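Notes for the one structure printed next.
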Amino acid sequence: MNQVPLSHILFVSTALFFIGMYGLFTRRNMITMLMSVELILNSVNINFIAFNKYLYPEKLEGVFFSLFIIAIAAAEAAVAIAIIINLYRNLRSIDVEDANEMKF
Amino acid sequence: MSASAVVFYILSFFILAAGLLAVASRKIFRSAIWLLFSLTGIAGLYFWLQMEFIAAVQIVVYVGGIVVLIIFSIFLTQQSGKDLPAPVRSRAIFSVLAAGAGFMLTWLMIRRYGFHPVGQGTIDASVGNIGAQMLSTSEHGYVLPFEVISILLLAAMIGCIVIAIKTKPEDK
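In the order they appear, the protein sequences are chains A and B.
Every letter in the first sequence is one number past the one before it in our numbering, and letter 67, counting from 1, is 79.
Every letter in the second sequence is one number past the one before it in our numbering, and letter 2, counting from 1, is 1141.
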């Protein structure tokens, strides 16, 4: 793996981050927006692992950050899907443009 | 170019292509399946970096947990065969411009900055080492964040049940 420079891995994670950003800008459906957020979080994880591996190989800090990000992403996805299902039950739609009331 | 580098470039092409299809596909179910492929490719990238534990966690939590949850919620809320509406043309153009400009800026900064390794030595990312450091109370131990995140997961679980619980029609 030493033949591949660090900047190529950073290219992949940057491209993945902005792909997720594009999805977040164009999609209006809440579930697809949540999928874009998952792509963004994964690109951050790739960055942490690659920096840990290439720049600080005697420590494990990047690994722990990635583990905690994965755990928080799981909690976030579960809460977001609960909110989406509750909204769908009330509005019969999961488009963000339709969700413009705070209280029912 | 060695075989390891070839594997890396194939994996990154796979990740990026699947990610692009996941945000561009017009059918929501296909979009979820492309997301699944992209996340599996990222797990392969972790295997390539010799971080086996993170790769296993990625597969268990993302591929086995979050994507399945997303697919279930698609089934619960949507006619999965129906096409999503196409994005408004002006919004699509400006999103491509914003994402492309941000990407170019970040990539130029990465290119200009030379990364130099700070530490020496080899990484020991075995499960035993990760577990020992995760539960250690010494200076580089992570026992406090570990406990905090267990409380967070419990709170998220209870919160999900409270939010998604079915209310009876009369007390609405």
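From the three backbone atoms N, C-alpha and C, an ideal C-beta is built for every residue, glycine too.
All values reported here derive from a predicted model rather than from experimental measurement.
Counting only beta-carbon separations shorter than 8 Å, does residue i have a partner in chain B?
| i | result |
| --- | --- |
| A111(A) | no |
| V16(A) | yes |
| N54(A) | yes |
| I1(A) | What is shown of chain A runs 13 to 116, which leaves residue 1(A) out entirely. |
| L103(A) | no |
| I31(A) | yes |
| V108(A) | no |
| L22(A) | yes |
Could you say which of the options lies nearest to residue i if we only look at CA atoms?
| i | options | result |
| --- | --- | --- |
| I1181(B) | W1173(B), Q1197(B), Q1189(B), S1170(B) | Q1197(B) |
| A1303(B) | L53(A), F76(A), V16(A), N98(A) | N98(A) |
| L1208(B) | E1191(B), I1249(B), F1168(B), I1269(B) | F1168(B) |
| L1215(B) | N54(A), E88(A), I95(A) | I95(A) |
| I1213(B) | F60(A), Q15(A), F63(A), I43(A) | I43(A) |
| H1255(B) | N64(A), V24(A), V91(A), S25(A) | N64(A) |
| M1190(B) | E1286(B), G1267(B), V1206(B), R1228(B) | G1267(B) |
| H20(A) | G1253(B), G1203(B), S1164(B) | G1253(B) |
| C1113(B) | D110(A), E109(A), I93(A) | Since the first residue of chain B shown is 1140 and the last is 1311, residue 1113(B) is not available in this structure. |
Are residue i and residue j close, meaning C-beta to C-beta below 8 Å?
| i | j | result |
| --- | --- | --- |
| L51(A) | A1161(B) | yes |
| M33(A) | G1158(B) | no |
| N41(A) | L1223(B) | yes |
| I58(A) | L1178(B) | no |
| G1258(B) | Y68(A) | yes |
| A87(A) | L1291(B) | yes |
| I1193(B) | I61(A) | yes |
| L18(A) | S55(A) | no |
| P1226(B) | T38(A) | yes |
| L72(A) | A1195(B) | no |
| I1210(B) | V75(A) | no |
| V24(A) | A1144(B) | no |
| H1205(B) | A89(A) | A small fix is needed here, since residue 1205(B) is Ile in this sequence, not His. In contact: I1205(B) and A89(A) (Cβ atoms closer than 8 Å). |
Counting contacts by CB-CB distance shorter than 8 Å, is residue i in contact with chain A?
| i | result |
| --- | --- |
| T1129(B) | Outside the displayed span of chain B (1140 to 1311) sits residue 1129(B), for which this structure offers no information. |
| L1247(B) | no |
| I1167(B) | yes |
| G1241(B) | yes |
| L1155(B) | yes |
| V1266(B) | no |
| I1181(B) | yes |
| A1271(B) | no |
Inter-stretch contact (C-beta, 8 Å, three-pair minimum) for the region 41-49 of chain A and the region 1232-1244 of chain B: no
Touching by the beta-carbon criterion (3+ pairs, under 8 Å), the region 1240-1257 of chain B and the region 1161-1180 of chain B: no
Residues in the region 33-62 of chain A having any Cβ partner in chain B nearer than 8 Å: M33, Y34, G35, F37, T38, R39, R40, N41, I43, T44, L46, M47, S48, E50, L51, N54, N57, I58, I61, A62
Three or more C-beta pairs below 8 Å linking the region 72-86 of chain A and the region 1268-1283 of chain B: yes
Cβ contact (3+ pairs, closer than 8 Å) linking the region 103-114 of chain A and the region 1291-1305 of chain B: At 8 Å Cβ cutoff, the stretches do not touch.
Contact set between the region 1285-1305 of chain B and chain A, restricted to residues whose Cβ is under 7 Å from the partner: Correct list: I1288, L1291, L1292, A1295, G1298, C1299, I1302, A1303.
Residues of the region 1188-1207 of chain B with Cβ closer than 9 Å to any Cβ of chain C, in chain order: Absent from the structure is chain C; the protein chains it does hold are A and B.
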